[in-house]
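One rule links them: number in this note's numbering = place in the sequence shown (from 1) + 2.
Using N, Cα and C, we set each Cβ at its ideal position, and we do this for glycine too.
These notes are about the structure you will find just below.
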Amino acid sequence: LVIAETGSKATIVESYDSTAKSFTNTAIQIIVEDNASLTHYRVQRDSPEAFHYGVTEVSLGSGSSYDSTNINLGGRLSRHDIDVKFTAEGGEAWVDGLYMLNGEQHSDTHSIIDHTVPNCNSHQNYKGVLNDNSRGVFNGKVFVRENAHGTDAQQSNKNLLLSNDARVDTKPQLEIFNDDVKCAHGATVGQLEEEELFYLLTRGLPEVLAKNLLTYGFAEEIINKIKIESIKKDLDVAVLNRLGAEI
């Protein structure tokens with residue numbers, strides 16, 4: 003249980019790292035009171051044989067700010083549920099994440115962002131990189147209630163498939179019950195852009211390195227949100243190791 007009291011500011015790092023077959027079951031409840039600001043990094047790098055389930059519940063007060071970055075690299079089977087609720091006007095939330103999967107990994111992300119009051123903003127940007135026989139699931143739902151005029155809610159899920167056998171199921175959703183709002187959502191699933199790859203090849207880069215550079219750049223947008231340099235550097239190395247590359 004984390005309570006960010008009125009006017010406070012804090013950064014939380016939630017990290018999971020195992021080296022053997024295991025089961026992890028986590029729950030964190032966060033209350034961000036009026037005019038408080040909370041940055042939350044959640045990094046899951048469990049063993050490829052591990053099972054991981056986590057729940058994050060967030061309640062936002064007036065003028066509050068919640069900025070989360072969720073990184074999922076590990077686990078044989080993993081799931082993260084995140085539920086963010088605005089309870090007073092003027093709140094703002096960023097709910098971003100990256101899942102990077104290979105082998106037989108399966109990762110689920112289920113999110114709910116609930117605008118119950120007027121004049122609040124939410125931003126959600128999730129990215130997935132999937133290789134081999136891995137599978138990713140993204141289900142993001144944004145509610146804009148009848149009274150929640152002046153809402154600005156943006157949601158995006160982009161996925162990069164590096165293998166013909168990789169699969170992603172994506173379902174971004176908006177349920178809007180007010181006509182004075184600005185909302186958008188979208189999802190993409192694709193492979194590396196041929197034109198971008200061709201551009202790098204014509205500059206003399208080997209094909210493997212060119213593909214790794216493009217994949218690294220795709221994932222790095224989310225990792226760059228992390229402002230703690232030691233964690234960011236560690237994740238950069240983990241991503242490069244996942245690609246089997248050095249840049």
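Between residue 161 and residue 172, the gap from beta carbon to beta carbon is short of 8 Å. Residues of the same chain with a CB within less than 7 Å of the CB of residue 102, apart from the 5 flanking positions on each side, are 75, 131, 221, 241 and 244 in chain order. The alpha-carbon separation between residue 81 and residue 209 amounts to approximately 34 Å. Assigned with DSSP and collapsed to three states, residue 179 falls in coil, not helix or strand. Residue pairing of residue 151 in beta bridges, as defined by DSSP: absent, with no partner found. DSSP places residue 241 in the uninterrupted alpha helix (DSSP H) bounded by 231-245. Taken through DSSP and simplified to helix, strand or coil, residue 14 comes out as strand. Residue 231 counts as exposed, since fewer than 16 other C-beta atoms from the protein chains shown sit within 10 angstroms of its C-beta. Residue 51 places its beta carbon less than 8 Å from that of residue 78. With contact defined as three or more Cβ pairs closer than 8 Å, the stretch 185-202 and the stretch 9-26 are not in contact. A distance below 8 Å separates the beta carbons of residue 116 and residue 88. Within the same chain, Cβ atoms closer than 8 Å to the Cβ of residue 192 are found at 161, 162 and 163, the five residues on either side in sequence being excluded.
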